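This is the structure in structure tokens:
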């Protein structure tokens, strides 16, 4: 298989995977890629799913100023992994191309917002993000 084709397919797939991390569709994307890259082996599918989830967590827990750099790193890691898999199994190139074509590529890099909810009984809860508001029971 031509190395340029492998490089292009791996790059497109890695970009799509990373853009899906942190979105509402992440679980579906992760499961599809796990099945494809696991090639019918349940243990391998589980391993790939774990690697994908680990990458998603690394991106989700990155400090906001470092998120773009970390996303670039995660994408490069997956691009390398995918290139190795595609070199080892040229038949996989067609399947990866098809999966890339079937998935929307405009997903945002990370989640746009996070909603936190807490139920507190006989105590206080403080949840913080970029904008912080603290309310004490019985006080406006």
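Residue numbers (the working numbering): 90 to 229.
Yeah, the Cβ is synthetic: ideal placement off N, Cα and C, and Gly gets one too.
A quick note: this is a predicted structure, and the numbers were derived from the prediction, not measured.
Between residue 125 and residue 162, the alpha-carbon positions lie close to 23 angstroms from each other. Take residue 133, set aside five residues on each side of it, and the residues of its chain with a beta-carbon closer than 6 angstroms to its own are 127, in chain order. In terms of Cβ geometry, residue 160 and residue 148 form a close pair [threshold 8 angstroms].
Under the three-pair Cβ rule at 8 angstroms, the region 112-121 does not count as touching the region 164-183.
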